[in-house]
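Note that the protein sequences, when read in sequence, are chains R and L. Each residue of the first sequence is one higher than the last, beginning at 1 in UniProt numbering. Each residue of the second sequence is one higher than the last, beginning at 1 in UniProt numbering. All C-beta atoms, glycine included, are put in the ideal place defined by N, C-alpha and C. Note sheet for the following structure.
There are 2 protein chains.
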Amino acid sequence: MKGPKRSLDVSKIVDAVMELLDEEPSAAPTLRGVAARLGVRPNTLYTYVPDRVALEGVVVEHLLELAGPAALTGGAPWRERVTGYAMRLRAELLARPGVVPFFFSGPMSGPNAAAVGEGLLTAFTEGGLRPDDAARAAYTVIVHVLGSAALAAADPPGPGASEAEVLAVLEARRAALAAGPPLTAATAATAAAWNSSEQAEWGINRLIDGCIGSLP
Amino acid sequence: MKGPKRSLDVSKIVDAVMELLDEEPSAAPTLRGVAARLGVRPNTLYTYVPDRVALEGVVVEHLLELAGPAALTGGAPWRERVTGYAMRLRAELLARPGVVPFFFSGPMSGPNAAAVGEGLLTAFTEGGLRPDDAARAAYTVIVHVLGSAALAAADPPGPGASEAEVLAVLEARRAALAAGPPLTAATAATAAAWNSSEQAEWGINRLIDGCIGSLP
DNA sequence: GTGCACAATGTACACCGTACAAAGAAGGAG
DNA sequence: CTCCTTCTTTGTACGGTGTACATTGTGCAC
Numbered sequence: 001m002k003g004p005k006r007s008l009d010v011s012k013i014v015d016a017v018m019e020l021l022d023e024e025p026s027a028a029p030t031l032r033g034v035a036a037r038l039g040v041r042p043n044t045l046y047t048y049v050p051d052r053v054a055l056e057g058v059v060v061e062h063l064l065e066l067a068g069p070a071a072l073t074g075g076a077p078w079r080e081r082v083t084g085y086a087m088r089l090r091a092e093l094l095a096r097p098g099v100v101p102f103f104f105s106g107p108m109s110g111p112n113a114a115a116v117g118e119g120l121l122t123a124f125t126e127g128g129l130r131p132d133d134a135a136r137a138a139y140t141v142i143v144h145v146l147g148s149a150a151l152a153a154a155d156p157p158g159p160g161a162s163e164a165e166v167l168a169v170l171e172a173r174r175a176a177l178a179a180g181p182p183l184t185a186a187t188a189a190t191a192a193a194w195n196s197s198e199q200a201e202w203g204i205n206r207l208i209d210g211c212i213g214s215l216p
Numbered sequence: 001m002k003g004p005k006r007s008l009d010v011s012k013i014v015d016a017v018m019e020l021l022d023e024e025p026s027a028a029p030t031l032r033g034v035a036a037r038l039g040v041r042p043n044t045l046y047t048y049v050p051d052r053v054a055l056e057g058v059v060v061e062h063l064l065e066l067a068g069p070a071a072l073t074g075g076a077p078w079r080e081r082v083t084g085y086a087m088r089l090r091a092e093l094l095a096r097p098g099v100v101p102f103f104f105s106g107p108m109s110g111p112n113a114a115a116v117g118e119g120l121l122t123a124f125t126e127g128g129l130r131p132d133d134a135a136r137a138a139y140t141v142i143v144h145v146l147g148s149a150a151l152a153a154a155d156p157p158g159p160g161a162s163e164a165e166v167l168a169v170l171e172a173r174r175a176a177l178a179a180g181p182p183l184t185a186a187t188a189a190t191a192a193a194w195n196s197s198e199q200a201e202w203g204i205n206r207l208i209d210g211c212i213g214s215l216p
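Below, the structure written as structure tokens:
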């Protein structure tokens with residue numbers, strides 16, 4: 001170690017990103033914004049991270065851990081462990097819609113991603129799935145959680161909305177669907193809540209049902 | 001109609017976007033790029049479209065139609081109609097990774113989105129699902145297709161890669177997984193192909209299985 | 001033929017990620 | 001202790017993005 005002391009480290013940068021997201025959950029954090037919050041010039045961040053995509057990668061890793069992947073291998077029944085982690089991760093993302101695009105800007109290859117994968121494999125194996133099916137099921141769960149969160153994040157209103165505002169948007173959507181084609185109209189009330197946690201959990205449960213339904 | 005003739009219309013703009021995507025499938029089309037291709041100043045587009053998000057919306061509509069939603073209500077068995085449309089849409093997206101983020105920049109509310117929804121409802125109803133479950137299943141299918149496409153689009157190599165290059169990336173990934181934790185290592189060959197069409201179709205099939213498995 | 005409504009432009013702004021050279025701090029070698 | 005090397009941080013800059021605003025000029029209605 002020759003040069004001057006570093007004034008930052010990657011975890012401080014991640015913290016700054018999370019603070020930015022706490023203040024404006026729907027805004028995608030930017031390199032310049034993070035640097036400003038750390039009291040530093042934008043290009044200083046390049047000492048710690050090769051580019052923007054890499055920054056997003058470490059934030060993704062942090063969020064994967066925030067959802068508690070350790071509980072995937074713990075004591076609860078395997079099925080609850082899977083849905084539990086899925087819904088916790090989904091909740092973390094919905095609370096910070098601005099971060100969702102980060103999950104789609106590069107492959108997830110960090111240690112926490114590996115831990116999540118192994119945890120899901122553990123649970124599904126415990127559920128009786130053959131190894132290859134467990135791998136496919138694990139990946140499909142991730143697809144569902146991220147897809148569901150991304151679509152929900154794209155929909156108004158954002159996480160700062162009041163209860164009344166949420167209800168208003170929901171009712172407007174239901175009315176629009178009710179004016180649509182017959183089957184759409186008949187299910188307008190259910191479909192209007194497409195991005196609710198209940199629907200997301202329903203989807204994961206049907207997926208799991210389909211996986212264990214094909215057991216010997 | 002008072003003023004001068006319009007030199008464009010929305011469909012010409014969409015065509016320009018599609019041409020841009022044909023030339024560079026992995027690059028997200030930009031307002032300025034579209035304008036340049038049409039031989040027009042960037043702000044001219046604001047005559048036809050209120051902002052960038054709206055432009056992305058009409059492109060999304062075009063792609064939903066490109067995948068052939070009409071076939072959702074046609075003669076094939078209901079289950080094949082669902083997986084067929086899902087895989088066609090997925091293929092259209094994977095051929096143009098640059099367009100994938102468009103699906104997550106706002107709610108899908110156009111006529112083709114409605115047609116896709118109604119078509120999926122028709123199929124699932126035909127499959128025996130109760131209306132509300134059909135609505136949930138339809139939405140979950142969309143979540144899966146878009147999530148799967150988005151994750152696949154985020155992974156190298158892009159759609160222009162040679163067969164050999166694809167295999168090299170796949171093998172590198174398999175090797176990395178094989179060095180991971182036990183269950184991950186045991187399923188490395190399967191997991192390395194996480195973004196393959198086969199895995200995506202497997203996921204949809206398990207989802208459908210789970211939906212019809214709970215029938216009376 | 002004249003006036004008015006509208007499309008397209010010119011120009012501008014704020015923001016983004018990032019490259020590159022210069023400045024400055026701190027440890028190792030003499 | 002001094003110098004030199006190394007590494008962090010900065011200053012400055014470039015090309016890109018979406019979009020606002022005033023201006024120009026076209027073509028129909030009167």
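Pairwise C-alpha distance: E126 (chain L) and I212 (chain L): One-based indexing of the second sequence puts residue 212 (chain L) at position 212. One-based indexing of the second sequence puts residue 126 (chain L) at position 126. Per the coordinates, the alpha-carbon of I212 (chain L) lies some 11 Å from the alpha-carbon of E126 (chain L).
List, in order along the chain, the chain R residues whose C-beta lies closer than 7 Å to that of residue 226 (chain L)? There is no way to answer for residue 226 (chain L), as the model of chain L reaches only from 1 to 216.
DSSP three-state label for N195 (chain L), please. Your numbering for residue 195 (chain L) matches position 195 in the second sequence. Note: N195 (chain L) maps to coil in three-state DSSP.
Using 8 Å as the threshold, is the C-beta distance between L146 (chain R) and G147 (chain L) below it? Taking the first sequence and counting its residues from 1, one reaches residue 146 (chain R) at position 146. Taking the second sequence and counting its residues from 1, one reaches residue 147 (chain L) at position 147. Taking 8 Å as the cut-off, the Cβ atoms of L146 (chain R) and G147 (chain L) count as close.
With a cut-off of 8 Å, do at least 3 Cβ pairs link the stretch 75–91 of chain L to the stretch 35–52 of chain L? Counting Cβ pairs under 8 Å, fewer than three are found: no touch.
Under a three-way DSSP split, which group does A176 (chain R) fall into? In the first sequence, counting from the first residue as 1, residue 176 (chain R) sits at position 176. A176 (chain R) sits in a helix when the DSSP states are folded into three classes.
Compute the Euclidean distance between the alpha carbons of A168 (chain L) and A137 (chain L), then round it to the nearest angstrom. What you label residue 168 (chain L) is simply residue 168 of the second sequence in a count that begins at 1. What you label residue 137 (chain L) is simply residue 137 of the second sequence in a count that begins at 1. Spanning the two alpha carbons is a distance of roughly 37 Å.
Buried or exposed by the 16-neighbour rule on C-beta atoms within 10 Å, applied to E56 (chain R): By one-based count along the first sequence, residue 56 (chain R) stands at place 56. Label assigned to E56 (chain R): buried.
Taking 8 Å as the cut-off, does the stretch 14–30 of chain R touch the stretch 99–118 of chain R (at least 3 CB pairs, one atom from each stretch)? Output reads yes: the stretch 14–30 of chain R touches the stretch 99–118 of chain R.
Measuring only from the beta carbon, is A149 (chain R) closer than 7 Å to any heavy atom that is part of the ligand ATP? This structure does not include the ligand ATP; it has no bound ligands of any sort.
Output, in chain order, the set of chain R residues within a Cβ distance shorter than 9 Å of A155 (chain L). To locate residue 155 (chain L), count along the second sequence from 1; it is residue 155. A quick correction: the sequence has Asp, not Ala, at residue 155 (chain L). Close to D155 (chain L), with beta-carbon spacing below 9 Å, are these residues of chain R in chain order: G106, P107.
First and last residue of the alpha helix (DSSP H) that includes K2 (chain R)? Translated into positions along the first sequence, residue 2 (chain R) becomes position 2. Careful: K2 (chain R) lies outside any alpha helix (DSSP H) and carries neither H nor E.
According to a CB-to-CB cut-off of less than 7 Å, which residues of the stretch 176–195 of chain L neighbour chain R? Legend: CB atoms of the stretch 176–195 of chain L lying less than 7 Å from CB atoms of chain R belong to residues G180, P181, L183, T184, A186, T187, T190, A191, W194.
Other residues of its chain near N112 (chain R): CB distance less than 7 Å, five sequence neighbours each side excluded: In the first sequence, the residue the question calls residue 112 (chain R) occupies position 112. E61, L64, E65, P69.
Could you give the residue range of the alpha helix (DSSP H) that holds D155 (chain L)? The residue labelled residue 155 (chain L) in the question sits at position 155 within the second sequence. Taken as a continuous stretch (DSSP letters only), D155 (chain L) belongs to no alpha helix (DSSP H), as it is neither H nor E.
Does S214 (chain L) have its Cβ less than 8 Å from a Cβ in chain R? To locate residue 214 (chain L), count along the second sequence from 1; it is residue 214. Yes, S214 (chain L) lies at the interface with chain R (some Cβ there is under 8 Å from its Cβ).
Can you tell me whether M108 (chain L) is buried or exposed? The criterion is at least 16 other CB atoms within 10 Å of its CB, across all chains shown. Working through the second sequence from its first residue, we reach residue 108 (chain L) at position 108. Buried, by the Cβ-count rule.
DSSP three-state assignment for T47 (chain L), whether helix, strand or coil: Counting from one through the second sequence, the residue named residue 47 (chain L) turns up at place 47. T47 (chain L) falls in the helix class under three-state DSSP.
Is it the case that the stretch 183–192 of chain R contacts the stretch 186–205 of chain L, given that we only count it when at least three CB pairs across the two stretches are under 8 Å? With contact defined as three or more Cβ pairs closer than 8 Å, the stretch 186–205 of chain L and the stretch 183–192 of chain R are not in contact.
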